[in-house]
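Here is the structure we will look at, set down as structure tokens.
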Ligand code: FAD
């Protein structure tokens, strides 16, 4: 079922989770171990992130280094199929521009359609760690809106071969990313919102936000979107803080602020267990207020912390 259909039929705030594929070489059991404690909350859908390959330098037998491409977390499409089969729940694969040609994207979309996947979250992806700016693949997409265009085309039966007529019309519901604290490359919030609006005008059915720790930032973002005529559902992305290290890692990696009151509480903690308790309570409060605000879905980035997410979601029922 489409994410938008779940939202339209819901009588209460929905819950959804986001997971990462395991590192290459691990079994699907690691995904089930992660999700099993969360399934009693009946998530409407589960997102599975996509990871591009990284360029690395590997030492050869003669001592020289060669540049290789290594994908550390492959398997998004297979994990989606496994989750749908194992739990009978909708899976939402992320699709990224970075590292993919249009042909590879088309093949992935054909696989997803055959597997019965009804949703995709389309994203640009970031530059590889050792590169300073995002560059598309030869014959790949530069922006999420271009990838969105390819999915919309397939929803209309249009494929890359121009002479392919009467192609199957896929029925993907398309999600896109939004940034309550602005995307880090955008010159200003207004410019970023205009690009977001453009994605919606070109077929995005809903928005999932980057994580944030101050709900006011989300409320302001929703208000600005609505003022600009963006009417699709906006789903908040939520993540727990469970270690002091994240006080610097999260702002650096995701370009988000941690409110002073929250960071002060974390800094007072003596152990990571105490940090986890403070982070859990903060996320419970955020979730309760967002539910009260009327968000359609609370979307949790579970990333290795299913127990924390369990405590948070339990507190909402
Ligand atoms: P875009 O919408 O393409 O925007 C990128 C930048 O370009 C923005 O600054 C925007 O304002 C600007 N822009 C957009 N369109 C245009 C245009 N036409 N002309 C000029 N400028 C433009 N990354 C992964 O690799 N894998 C994942 O699974 C993944 N999941 C994510 C899930 C969520 C909910 C979020 C919020 C992010 C996720 N990311 C993931 C990270 C994401 O790929 C990065 O944040 C990336 O830098 C931007 O992606 P985007 O889709 O927002 O890009």
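In UniProt numbering, the protein residues as written are 1 to 317. All C-beta atoms in this analysis are idealised placements derived from N, C-alpha and C, irrespective of residue type, glycine included.
Whole beta strand (DSSP E) runs in the segment 223 to 275 with 3 or more residues, listed along the chain? 234 to 238
Is residue 39 helix, strand or coil by DSSP? helix
Using the Cα positions of residue 309 and residue 38, report the straight-line distance between them to the nearest angstrom. 8 Å
Are the CB atoms of residue 6 and residue 50 within a distance shorter than 8 Å? no
Going straight from the alpha carbon of residue 149 to that of residue 277, what length do you get? 43 Å
With a threshold of 6 Å on Cβ separation, who are the neighbours of residue 265 within its own chain once the five nearest residues in sequence on each side are excluded? 278
How do the segment 154 to 162 and the segment 180 to 194 stand: do at least 3 beta-carbon pairs fall below 8 Å, yes or no? no
Let me check one thing: in DSSP terms, what residues is residue 299 bridge-paired to? 16, 237
Taking residue 207 as the reference, which of 113, 230, 220 has the closest Cα? 230
At a cut-off of 7 Å, would you count residue 75 as near ligand 1, judging by its Cβ distance to the nearest heavy atom? no
Taking 7 Å as the cut-off, is the C-beta of residue 280 nearer than that to any heavy atom in ligand 1? no
Using 8 Å as the threshold, is the C-beta distance between residue 92 and residue 156 below it? no
Determine the contact status of residue 172 and residue 151, defining contact as a CB-CB distance below 8 Å. yes
At what residue ranges does the segment 130 to 163 contain a whole run of the beta strand (DSSP E), taking only runs of 3 or more? none
Nearest to residue 284 by alpha carbon, out of 22, 241, 1? 241
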